[in-house]
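Numbering (the working numbering), first residue to last: 85 to 393. Using N, Cα and C, we set each Cβ at its ideal position, and we do this for glycine too. Structure, as structure tokens:
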Amino acid sequence: MSTGRLATQRTDAAVSDFIDRGYHVFPDGVDPAAAGDLLADIRATRSFDAALFLTEADFDADPQYTGVNPRPGRNLLDAFEDRLGFVEGDGGVVGALTAMLGEDYVLLNRKIVCGVPRSAMPDWLRARIEGNPVNNLGAWVKPTYRDVTYFYGIDFHQDLIDFKDREADFVTLYIYLHPVGRHDAPLFLLEGSHGLGATVFPHDLTRSDSGWTYRDGRGGEVDCRQHLLTGPAGYAAMWHGCTLHGAQPDAADHERLSLRYLFAKSASATAGIDEVNASLKGPVSLTATREDLDETGAARIRRNTVNAA
Ligand SMILES: O=C(O)CCC(=O)C(=O)O
85 MSTGRLATQR TDAAVSDFID RGYHVFPDGV DPAAAGDLLA DIRATRSFDA ALFLTEADFD
145 ADPQYTGVNP RPGRNLLDAF EDRLGFVEGD GGVVGALTAM LGEDYVLLNR KIVCGVPRSA
205 MPDWLRARIE GNPVNNLGAW VKPTYRDVTY FYGIDFHQDL IDFKDREADF VTLYIYLHPV
265 GRHDAPLFLL EGSHGLGATV FPHDLTRSDS GWTYRDGRGG EVDCRQHLLT GPAGYAAMWH
325 GCTLHGAQPD AADHERLSLR YLFAKSASAT AGIDEVNASL KGPVSLTATR EDLDETGAAR
385 IRRNTVNAA
């Protein structure tokens with residue numbers, strides 16, 4: 085078989101995996117040595133420990149819940165731009181993105197995500213946030229370190245949550261920079277959950293023998309198997325904007341560092357994502373995507389499903 089034909093079969097596999105399951109795992113991942121080199125350089129920028137955080141008094145003096153994620157001009161991954169060819173130029177990744185989004189696909193966002201281990205969490209902070217559905221820690225992190233996104237678990241959600249009024253015309257690509265096992269806060273994906281289309285966070289999920297029963301609030305219901313993304317350095321997977329996924333708090337005593345990319349279809353292309361979206365039973369966009377926050381951006385709902393997974 086020619087390499088070209090193999091590549092085509094693999095990229096077709098990405099589209100059919102998205103239609104069938106809502107995600108695609110890259111069989112060969114990306115270069116683990118390059119992932120390891122980048123990891124070492126990221127680790128050299130700071131200690132991923134309690135020193136990341138504001139004091140409780142400093143936080144309470146001026147609570148800021150929004151604008152606390154990486155952004156242009158404050159994004160550590162952009163500082164490593166010339167080192168990202170092992171992901172952005174990887175043949176398997178480029179082929180799959182092209183099949184999904186067309187040749188002129190665009191980078192919407194890229195950043196480093198850190199799963200903060202329990203051992204690094206100040207007690208006062210854990211007490212304040214335990215059980216919340218979205219534990220993005222940006223609000224509590226010192227401003228200088230907000231060039232990375234830090235999580236202490238996040239409940240099952242769709243990445244469309246950040247894009248009200250936008251169609252799910254994008255994919256999320258996730259790269260592990262070191263081996264990730266069951267205790268390193270791996271991502272949990274709910275297979276086939278994308279099929280009901282976009283729904284408002286938090287989602288209606290009930291644990292079942294085989295996984296989760298997911299209801300869309302419009303009369304639709306699907307049984308989803310839970311798939312854990314675990315694997316070696318360079319592990320790579322991507323998923324649809326309506327695929328439910330989440331992570332539990334990091335139970336290991338070291339941080340989990342990953343790369344998170346969003347790539348979108350450009351205006352002109354017709355591509356695999358259109359085929360995927362045409363196969364969904366529900367809407368591909370929402371005018372409101374979440375109802376868990378109050379007007380300041382603080383959590384007003386304190387419940388969590390993924391922690392029971
Ligand atoms: O990396 C994590 O712990 C969660 C990330 C996630 O779910 C996301 O970025 O959408």
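Check	Outcome
Quick check: is any heavy atom of ligand 1 less than 7 Å from the C-beta of residue 364?	no
Using DSSP with H/G/I as helix, E/B as strand and the rest coil, what is residue 278?	helix
Is residue 373 near residue 244, with beta carbons less than 8 Å apart?	yes
Just mark residue 131 as buried or exposed, buried being the case when its beta carbon has 16 or more other beta carbons within 10 Å.	exposed
Please check the pair residue 268 and residue 340, which I expect to be a contact at CB under 8 Å, by giving their CB distance rounded to whole angstroms.	5 Å
Who are the Cβ neighbours of residue 291 in its own chain at under 7 Å, not counting the five residues just before and after it?	392
If I'm right that residue 314 touches residue 266 with Cβ under 8 Å, what's the distance once you round it to whole angstroms?	6 Å
Beta strand (DSSP E) containing residue 284: first to last residue?	From DSSP, residue 284 is part of no beta strand (DSSP E); its letter is neither H nor E.
Along the chain, where does the beta strand (DSSP E) containing residue 192 start, and where does it finish?	190-199
Once you ignore the five residues that flank residue 353 on each side, which residues in its own chain have a CB closer than 8 Å to its CB?	185, 186, 187, 188, 189
Closest by CA to residue 412, which one among 222, 261, 286?	Shown here, the chain extends from 85 to 393; a query on residue 412 therefore has no answer.
If you follow the beta strand (DSSP E) that residue 235 is in, where does it begin and where does it stop?	233-241
Taking buried to mean at least 16 other C-beta atoms within 10 Å of its own C-beta, is residue 233 buried or exposed?	buried
Determine contact between the region 292-305 and the region 172-184, defined as no fewer than three beta-carbon pairs at a distance below 8 Å.	no
For ligand 1, I want to know if residue 344 counts as a neighbour, meaning its beta carbon is within less than 7 Å of at least one of the ligand's heavy atoms.	yes
Taking the beta strand (DSSP E) that residue 152 belongs to, which residues open and close that run?	Careful: residue 152 lies outside any beta strand (DSSP E) and carries neither H nor E.
Quick one: what's got a C-beta closer than 7 Å to residue 248's C-beta in the same chain, skipping five residues either side?	370, 371, 372, 373
Which value, in whole angstroms, describes the spacing of the CA atoms of residue 193 and residue 347?	7 Å
Taking the alpha helix (DSSP H) that residue 145 falls in, what are its first and last residues?	140-145
So residue 255 and residue 329 are in contact, right, with Cβ under 8 Å, and what is the actual spacing, rounded?	Not really, about 12 Å apart at Cβ, beyond 8 Å.
Give the straight-line distance between the Cα atoms of residue 226 and residue 96, rounded to the nearest whole angstrom.	44 Å
Shorter than 7 Å, the distance from the beta carbon of residue 235 to the closest heavy atom of ligand 1, or not?	yes
Which of the three DSSP states, helix, strand or coil, is assigned to residue 229?	helix
Report yes or no: do the region 109-129 and the region 157-170 share at least 3 C-beta pairs separated by less than 8 Å?	yes
Using the rule of at least 16 other Cβ atoms within 10 Å of the residue's Cβ for burial, across every protein chain shown, is residue 128 buried or exposed?	exposed
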